[in-house]
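K.L.:
The sequence shown lines up with residues -18 to -1, 1 to 170 when you count with mature numbering (1 follows the signal peptide of the UniProt record, and there is no 0).
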Amino acid sequence: MKLASCLLLFFIAIPCLAETVTIDSTSTTKAVDANSMANMYRMGMGVPKDMKKAFELYQVAAELGNTDAQVDLGDMYYSGEETSQSYEKANYWYEKAEKNNNAKAQMYLGYAYLNGKGVVVDYVKAKNFLELAVKQGEPSAMNHLGTMYFDGKGVTKDQNKAIPLFQKSCSAGDSNACDKLKEIKAAK
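1. Can you tell me the Cα-Cα spacing of residue 154 and residue 65, whole angstroms?
2. Under a three-way DSSP split, which group does residue 72 fall into?
3. Among the candidates 96, 100 and 151, whose CA atom is the shortest distance from the CA of residue 106?
4. Drop a sphere of 10 angstroms on the beta-carbon of residue 113, count the other beta-carbons inside from all chains shown, and report buried for 16 or more, exposed for fewer.
5. Rounding to the nearest angstrom, what Cα-Cα distance links residue 143 and residue 33 in this structure?
6. To the nearest angstrom, how far is it from the Cα of residue 119 to the Cα of residue 81?
7. Hey, residue 87 and residue 79: beta-carbon distance below 8 Å or not?
8. Closest to residue 60 by CA distance: which of 93, 134 and 140 is it?
9. According to DSSP, is residue 9 helix, strand or coil?
10. With 16 as the cutoff for other CB atoms within 10 Å, does residue 121 come out buried or exposed?
11. With distances taken between CB atoms, is the gap from residue 136 to residue 159 smaller than 8 Å?
12. What residues in its chain sit with their C-beta under 8 Å from that of residue 163, if we drop five residues either side in the sequence?
13. Quick test of your reading: residue 54 and residue 20, contact by CB under 8 Å. State the CB separation rounded to the nearest angstrom.
14. To which residues of the same chain is residue 3 closer than 7 Å at the C-beta, ignoring the five residues directly before and after it?
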């Protein structure tokens, strides 16, 4: 009962604290703190949802090298969320995160090169980035790489390579891969 009371008090206090928390510029955890706060504001978790604050905090964390924040900031530029849409700026942040082996960033860069989002279409780069992300188990990367093999985009068309990628991606929860598998079964 005492633990439940402490947890309840903690969750009640979060909104109060979050409004007044400032991030100490000398803190070694500044990037992590800024990213955590950005996530709270972006999702409205314990604080009022505030996309402008989220964007600003992601920018702080991203500039300090937090790869999750770099990907999230890239996502905001990609979608035009609280900023003007810019695939180029999105890719800039994805490239920063990719240098630290971030699987989501690798997947997004693979997708960008596959579809010409802010870059010239380059199937070799797309395949390389997607393969890096697949090695880390990134479901969307499995789906995109599977699509490359299924459609023969920049690679030899090969359903024997595509279908296992779709299956792994679907098993990991990627609904697009599941839909593709249904289409393949229906076509047989």
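We treat Cβ as the ideally placed atom computed from N, Cα and C, and that holds for glycine.
P.N.:
Considering the structure as presented:
1. 31 Å
2. helix
3. 96
4. exposed
5. 41 Å
6. 17 Å
7. yes
8. 93
9. Confidence in residue 9 is poor, its pLDDT being 43 and thus under 50, which makes the residue's placement unreliable; the coordinate value appears in the next sentence. Coil, per DSSP.
10. buried
11. no
12. 145, 148, 149 and 152
13. 7 Å
14. Its pLDDT being 48, under 50, residue 3 is placed unreliably by the model, and the measurement read from it follows with that caveat. Excluding residues within five positions, the ones whose Cβ falls inside 7 Å are 19.
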